[in-house]
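K.L.:
I am attaching a structure below and will ask some questions about it afterwards.
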Amino acid sequence: MFDIMGKLEDAKKNVEEARKRLDHVLIDAQAGNGMVKVSVTGNRQLKSLEIADEAMQDKEMLEDYLMIALNKALEEAGKIQETELKKAATDALPNIPGLDGLI
Numbered sequence: 000m001f002d003i004m005g006k007l008e009d010a011k012k013n014v015e016e017a018r019k020r021l022d023h024v025l026i027d028a029q030a031g032n033g034m035v036k037v038s039v040t041g042n043r044q045l046k047s048l049e050i051a052d053e054a055m056q057d058k059e060m061l062e063d064y065l066m067i068a069l070n071k072a073l074e075e076a077g078k079i080q081e082t083e084l085k086k087a088a089t090d091a092l093p094n095i096p097g098l099d100g101l102i
């Protein structure tokens, strides 16, 4: 029993370390042929936003480009985050039947 508790603590520590690493992973996306560019971390935090002057002329177009670029970056960040956190958690745990669907 204590061995499992130790493994759970290891898994928790691995996940915390993975979250810290994801703060330094940057995902870039763009829309409108580069008129809007965004960069987010692996933890889905916006780090930078660039808007070309031409995009400022049309509010609706700018809003669309912002949504497209942000959604692309956040989707990719979510995939990376899910993969990394799952790997961090399962690396420390023994192969327990039925645990796959929980992590």
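Numbering (numbering that gives the first Met the number 0), first residue to last: 0 to 102. No residue lacks a Cβ here, since even glycine has one placed at the ideal position from N, Cα and C. From a predicted model like this one, the values you see are computed outputs, not experimental measurements.
In the DSSP assignment, what are the bridge partners of A30?
P.N.:
In DSSP, A30 forms a bridge with V35.
K.L.:
Report, in whole angstroms, the separation of the C-beta atoms of D90 and N13, which I expect to be a contact under 8 Å.
P.N.:
About 6 Å; that satisfies the 8 Å criterion.
K.L.:
DSSP has E49 in a bridge; who is on the other side?
P.N.:
K36, per the DSSP bridge assignment.
K.L.:
Which same chain residues end up closer than 6 Å to D9 when comparing Cβ atoms and leaving out the 5 residues on each side of it in sequence?
P.N.:
Excluding residues within five positions, the ones whose Cβ falls inside 6 Å are A91.
K.L.:
Does the distance from the C-beta atom of A28 to that of A72 stay below 8 Å?
P.N.:
Their beta carbons are under 8 Å apart, which means A28 touches A72 by this criterion.
K.L.:
Tell me, please, which residues DSSP counts as bridged to L25.
P.N.:
DSSP, once it has assigned bridges, lists T40 as partnering L25.
K.L.:
Can you give me the C-alpha to C-alpha distance between M0 and L7, rounded to a whole angstrom?
P.N.:
Only weak support is given to the placement of M0: the predicted model assigns it a pLDDT of 49, under 50, and the value that follows is read from those uncertain coordinates. Answer to the nearest angstrom: the Cα atoms are 11 Å apart.
K.L.:
When you compare the segment 74-91 with the segment 54-61, are there three or more beta-carbon pairs, one atom per stretch, that lie closer than 8 Å?
P.N.:
The segment 74-91 is not in contact with the segment 54-61.
K.L.:
If you run the structure through DSSP and keep just helix, strand and coil, what is D90?
P.N.:
Helix, per DSSP.
K.L.:
When you compare each of S38, M34, K11 to H23 by their alpha carbons, which one comes out closest?
P.N.:
Answer by Cα proximity: S38.
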